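>
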Amino acid sequence: MSLETLIAGVLTVAGFTLVRARAYRILKVVNDVLFYVTLPGLIFFTIVDLEGIDEFLAMVFISLIHMCVMFVFTYLTSRAFLKDALMRLTIATSLTINNAIFLAMPLSTLIYGYATPVLPYSIAFNVYLTPYLVFLTFKVPGNSNNLSKALKPLPHIIAFIASLSLKLTAYDLNLGLDHVLKLLSYMNYAGFLIIGGQLAKLKIDYLRSFMRSVLIASVIKYVVSPTAAVLLYMSLTLSKHISGIYFNGLILQSLMPPAITTVVIAETYKLDVKFTTLLLTVLTPISIIVSIAVGYLIV
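Numbered according to full-length UniProt numbering, the sequence shown terminates at residue 299, and the numbering increases by one at each position without gaps.
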């Protein structure tokens, strides 16, 4: 067992215990730190540290398109089995915002020997996150009418604009941000406290009531998502040669489960946190098995 896996397990148990002890204030502080400090930091430093490689940026663009396509498809498809608009937003958020960093990078290293194949999607994840948070602010009832809730994405917007401005004025700037990004990534592990807390609230009856939705979400994740990734790659790279390692990374990312961040976002924007946690819990082990199998097949 790796140290990262051990840390994740310990924090999940700790979060579970905190809820049982009704220590909700601690989890609220952790959630706020993740949302207002860790996420903006990841957005800023990841974009600033991005190297200006044409094919890399092309794959970032394709990854962004994939996220948008999957959101629209999931949200529209969910109308057939979910009547509540908030639940449709919840499932669309969970299936769009993949675990592009914490899980994808170690899996890529395991399968391909390095994390480079999945880096474009991780960059796209941070770029996508900012406008998506703005969208949620005005889409979810009660957020846009409250000034404090309407300002929730402000740190992410500032981080996004500042990092892009820095890249435009000093495109080849090399700040050596590996240690900062590593620190922020480790801070993101605190999200397992939130997951553990939500697991403590889950009940068997809740799982049974949403079994159909979970099954449909699985089909979207493991059939529709990789199919969309292949079609986008084939259609958008016809006139441009792009290394095959990035195709492998795109497929791997398309199979990733919801990110830990989805639980933080659901908690902050008052989406269905239990359903978000349920999807994350069920899809994560499936994604690990499927992605390893597919990864070794296409190597």
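Here a beta-carbon is modelled for each residue, glycine too, at the ideal position from N, C-alpha and C. The structure presented is a predicted model; accordingly, all values stated were derived computationally and were not measured.
Mapping DSSP to helix, strand and coil, what is Asn98?
Counting from 1 along the sequence shown, the entry for residue 98 is found at position 98. Asn98: strand per DSSP, three-state reduction.
> Have a look at His179 and Phe73 and give me their C-alpha separation to the nearest angstrom.
Locating residue 179 in the sequence shown gives position 179, where the first residue counts as 1. Locating residue 73 in the sequence shown gives position 73, where the first residue counts as 1. Taking the straight line from one Cα to the other gives about 37 Å.
> Nearest-angstrom Cα distance between Thr109 and Thr169?
Working through the sequence shown from its first residue, we reach residue 109 at position 109. Working through the sequence shown from its first residue, we reach residue 169 at position 169. Going by the C-alpha atoms only, they are around 33 Å apart.
> Within this structure, are the beta carbons of Tyr121 and Gln253 separated by less than 8 Å?
Mapped onto the sequence shown, residue 121 falls at position 121. Mapped onto the sequence shown, residue 253 falls at position 253. For Tyr121 and Gln253, yes; Cβs fall inside 8 Å.
> Since Ile62 is in the alpha helix (DSSP H), which residue starts that stretch and which ends it?
In the sequence shown, counting from the first residue as 1, residue 62 sits at position 62. Start and end: 54-77.
> What ranges does the alpha helix (DSSP H) occupy inside the stretch 191-228, keeping only unbroken runs of at least 4 residues that lie completely in it?
191-199, 204-209, 211-219
> What's the gap between the Cα of Phe275 and the Cα of Val10?
Locating residue 275 in the sequence shown gives position 275, where the first residue counts as 1. Locating residue 10 in the sequence shown gives position 10, where the first residue counts as 1. Using only the alpha carbons, I get a separation of about 22 Å.
> In whole angstroms, give me the CA-to-CA distance for Leu57 and Lys203.
The count along the sequence shown starts at 1 and reaches residue 57 at position 57. The count along the sequence shown starts at 1 and reaches residue 203 at position 203. Cα to Cα, the separation comes out at about 44 Å.
> In the DSSP assignment, what residue or residues form a beta bridge with Pro258?
Locating residue 258 in the sequence shown gives position 258, counting from the first residue. Partner(s): Asn98.
> Distance check for Ala217 and residue 322, CA to CA, integer angstroms please.
Since the displayed the chain opens at 1 and closes at 299, residue 322 lies outside it and no answer follows.
> Using DSSP with H/G/I as helix, E/B as strand and the rest coil, what is Phe81?
For the purposes of this step, residue 81 is taken as the residue at position 81 of the sequence shown. Coil.
> Any contact between the stretch 27-44 and the stretch 87-96? By contact I mean 3 or more CB pairs, one from each, below 8 Å.
no
> Are Ile194 and Val140 close, meaning C-beta to C-beta below 8 Å?
As a working mapping, residue 194 is identified with position 194 in the sequence shown. As a working mapping, residue 140 is identified with position 140 in the sequence shown. No. Outside cutoff.
> Decide if Tyr186 is buried, meaning its Cβ has at least 16 other Cβ atoms within 10 Å, or exposed.
Within the sequence shown, numbered from 1, the residue matching residue 186 stands at position 186. Its Cβ having fewer than 16 others within 10 Å, Tyr186 is exposed.
> What does the alpha-carbon distance come out to for the pair residue 305 and Ile161?
Outside the displayed range of the chain (1 to 299) lies residue 305, so it cannot be described from this structure.
> Following the continuous alpha helix (DSSP H) through Thr130, name the residue where it begins and the one where it ends.
Translated into the one-based positions of the sequence shown, residue 130 becomes position 130. 119-139 is the extent of the alpha helix (DSSP H) around Thr130.
> State yes or no: is the C-beta of Met211 within less than 8 Å of the C-beta of Tyr128?
As a working note, residue 211 is residue 211 in the sequence shown. As a working note, residue 128 is residue 128 in the sequence shown. Not in contact: Met211 and Tyr128 (Cβ atoms no closer than 8 Å).
> How far does the alpha helix (DSSP H) with Thr38 in it reach, from first residue to last?
Numbered from its first residue, the sequence shown carries residue 38 at position 38. Run containing Thr38: none; DSSP gives neither H nor E here.
> Assign Gly113 to one of three DSSP states: helix, strand, or coil.
Position 113 of the sequence shown, counting from 1, holds the residue named residue 113. Three-state result, Gly113: coil.
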